[in-house]
Structures are given as structure tokens and as C-alpha cells.
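Here the structure comes first, spelled out in C-alpha cells, and everything after it is commentary.
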Amino acid sequence: MRTRIIVCGHGTTSHTGRSAIASLVNAVRRHAGGPEVVDAFFDVQQPSLADVVAETSGPRVIVPLLLHHDVSTAGRLAAVAADDPLVRVAPAMGPDWVLAEIGVRRLIEAGARPSDTIVMVAPEADGPRALADISKAARLLSAVWGGPVHVGVVDGVGTPVEDALDVARAHNQRVVVSMYALASGQGASAIGRLGADVVTAPLLGAGAPDARLVTLALERAEVLSFPGEVGSATR
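Going by full-length UniProt numbering, the first residue of the sequence shown is number 1, and it counts up by one from there.
Written out as C-alpha cells, the structure reads:
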């Protein structure tokens with residue numbers, strides 16, 4: 001029996017954000033090969049993750065469309081997996097080199113220059129583990145960009161974004177915010193209102209999703225196998 005892939009992320013009220021997430025799920029569906037690919041949401045949108053798991057059967061792997069650890073969603077994922085031995089949870093999408101490469105692409109698209117001061121901004125960090133993930137993402141971005149990257153957080157633990165921007169402005173260069181958000185939404189909108197000289201688009205921009213994001217999602221699904229199943233989730 002083939003594994004069903006459940007692609008699950010935070011919902012959003014943003015039409016642009018919803019379209020971007022739907023495009024990513026559809027692209028994963030087209031490239032998955034044989035497994036059925038369905039979408040689910042932790043909040044805001046339907047169907048909910050709990051409903052999708054309850055209405056499906058057989059081996060299933062949940063691919064969380066998360067860029068860093070999140071206490072609330074981690075608890076939901078653990079609870080769902082604990083209730084059904086045929087449900088497994090893949091690693092979150094980030095941090096990852098792929099996201100750093102796409103982040104640099106967004107910087108270039110936004111017109112960032114080597115002389116600019118870069119600040120990676122995340123909408124939220126709800127604890128030390130989330131902050132560690134975001135800090136790692138910034139280090140990866142720095143390595144690909146080839147220059148220092150500061151870190152700011154809109155809400156939660158870590159350096160408040162206002163402080164991070166103040167430090168960045170002290171360099172007397174243009175300040176460019178690298179948006180560490182998957183798609184447009186309330187958190188991404190807050191980042192866009194920060195008053196930086198330049199703000200990048202989310203990792204999921206307009207149009208078709210970057211093929212590297214699709215591959216990353218499928219690789220996350222491949223990580224796990226189920227007893228008695230031959231091959232990976234995408235074969």
C-alpha cells in the first residue's frame with residue numbers, strides 16, 4: 001500500500017498566500033509519482049489536519065510546511081501520530097540550504113546589493129528551539145549570500161525586529177529585510193510594514209513555486225518508511 005502524503009501548513013486569510021500554498025501542494029501532487037497528495041491546515045483554513053487524518057487510512061506521512069520549530073503545531077503533530085500507528089511526521093521544511101538559496105534569489109529579485117545590511121526577519125519565535133532554527137536559517141542565508149545577516153523577530157523570543165533594524169541602520173547602509181516566511185499572511189504583512197529600505201517577497205512568491213521547494217517537500221516525505229512498505233514515499 002502506497003503512502004499518502006499530507007502536506008500541512010498554517011492557513012491564512014490572504015488570498016495571495018492561499019493561492020501560493022495551493023500552487024505548492026498542486027506541484028507536489030504532480031511530481032509525487034504514485035502517492036496521493038492531500039492538503040490540510042493547522043488553523044484558519046479547512047480541512048483541518050485532525051479531520052484529514054480521521055478521514056483517511058493506511059500509511060500516511062505528514063509534511064509540515066513549517067520553517068522552524070513551533071511548540072503548538074509540534075504538540076498537534078505528536079498527538080495525531082500517537083493516535084494512529086500508520087501516521088508519521090516528516091521533518092519541517094526549514095531550516096535548510098534550499099530555503100537559503102531561495103532567500104538569496106528573493107534578495108536579488110528585490111534589488112539587494114552587496115553593500116546592503118541584511119536582516120532576516122521571522123514573524124514569530126515561540127521558544128528557544130524556534131529561535132535556534134531561525135538563527136541557523138540566518139547563518140545558511142549568510143553563507144549563500146556571502147555576507148553577514150542579522151536576525152529579528154516580530155513576535156516572541158529573540159531580538160525584537162525594531163532593535164535589529166536599529167542596529168542595522170547604524171552601519172549607514174541600506175537596510176534590506178529578508179522575509180523568513182513561506183507565504184503572504186498576517187505575519188508576512190507585519191514584516192512588510194517595518195520601514196526597511198527594501199523588503200523581499202516570501203519564499204513562495206507569485207506564480208509557480210520554485211521547483212526546489214517542491215523537491216524539498218518530497219524529500220521530507222521520503223525520509224520516513226513504514227513497516228512492510230517497499231521503497232520510499234515517492235516511488
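Glycine included, C-beta positions come from ideal geometry on N, C-alpha and C.
Everything numeric in this text was worked out from a predicted model, so none of it was measured.
Select from the options the residue whose C-alpha is nearest the C-alpha of residue i.
i, options, result
"GLY147", "ALA112, ARG88, ASP210", "ALA112"
"LEU86", "HIS68, VAL71, ILE62", "ILE62"
"ALA181", "LEU65, VAL167, ASP166, THR56", "LEU65"
"GLY11", "ASP39, ALA27, ILE5, ASP43", "ASP43"
"VAL161", "GLN173, GLY195, ALA27, GLY17", "GLY195"
"ARG169", "ALA190, ASP84, VAL198", "VAL198"
"THR215", "GLN45, VAL144, ASP96, ALA190", "ASP96"
"ARG212", "GLY17, ILE5, VAL28, THR200", "VAL28"
"GLY185", "SER178, VAL177, LEU204", "LEU204"
"VAL177", "VAL153, PRO209, GLY158", "VAL153"
"GLU124", "ALA143, ILE21, ILE191, LEU24", "ILE191"
"ALA132", "SER142, VAL144, VAL157, ASP116", "VAL157"
"TRP145", "ALA100, ASP39, ALA183", "ALA100"
With a 10 Å radius around its C-beta and 16 neighbouring C-beta atoms as the bar for buried, classify residue i as buried or exposed.
i, result
"ALA130", "buried"
"ILE108", "exposed"
"ALA217", "buried"
"PRO91", "exposed"
"THR73", "buried"
"ALA78", "exposed"
"GLY207", "exposed"
"THR13", "exposed"
"GLY34", "exposed"
"ASP83", "exposed"
"SER57", "exposed"
"ALA138", "buried"
"GLY75", "exposed"
"VAL104", "buried"
"HIS15", "exposed"
"ASP166", "exposed"
"ASP163", "exposed"
"VAL71", "exposed"
"ARG30", "exposed"
"ARG106", "buried"
"PRO202", "buried"
"ALA143", "exposed"
My output table needs one value for residue i: the three-state DSSP class, helix, strand or coil.
i, result
"THR117", "strand"
"HIS171", "coil"
"ASP155", "strand"
"ALA130", "helix"
"VAL89", "strand"
"GLY17", "helix"
"VAL48", "In the sequence as displayed, the identity of residue 48 is Ser instead of Val. Strand."
"HIS68", "coil"
"ASN32", "Here the sequence assigns Ala to residue 32, which means Asn is not the residue at that position. ALA32 falls in the coil class under three-state DSSP."
"ALA206", "coil"
"VAL100", "The question names Val, yet the displayed sequence has Ala at residue 100. Helix, per DSSP."
"ALA143", "helix"
"ALA122", "strand"
Could you spell out where the beta strand (DSSP E) holding residue i opens and where it closes?
i, result
"ALA40", "37-41"
"ALA178", "Sequence check: residue 178 is Ser here, not Ala. First-last of the beta strand (DSSP E) with SER178: 175-179."
"PRO202", "Premise fails: PRO202 is in no beta strand (DSSP E) and is neither H nor E."
"ARG60", "60-64"
"ARG4", "4-9"
Report back the beta-carbon spacing between residue i and residue j to the nearest angstrom; my notes put them in contact at under 8 Å.
i, j, result
"VAL149", "ILE118", "5 Å"
"residue 236", "VAL7", "The structure shown does not extend to residue 236, since the chain spans only 1 to 235, so no value can be given for it."
"ARG220", "MET93", "7 Å"
"ARG4", "ARG88", "With a Cβ gap of about 11 Å, ARG4 and ARG88 do not count as contacting."
"LEU49", "PRO209", "In fact, because the Cβ distance is near 21 Å, the residues do not count as touching under 8 Å."
"GLY17", "ALA122", "With 8 Å as the limit, GLY17 and ALA122 do not qualify as a contact, their Cβ atoms being about 16 Å apart."
Is there a Cβ of chain D sitting closer than 9 Å to that of residue i, yes or no?
i, result
"LEU182", "The structure shown has no chain D; it contains just one protein chain."
Between which two residues does the alpha helix (DSSP H) containing residue i stretch?
i, result
"ARG76", "71-83"
"ARG220", "211-222"
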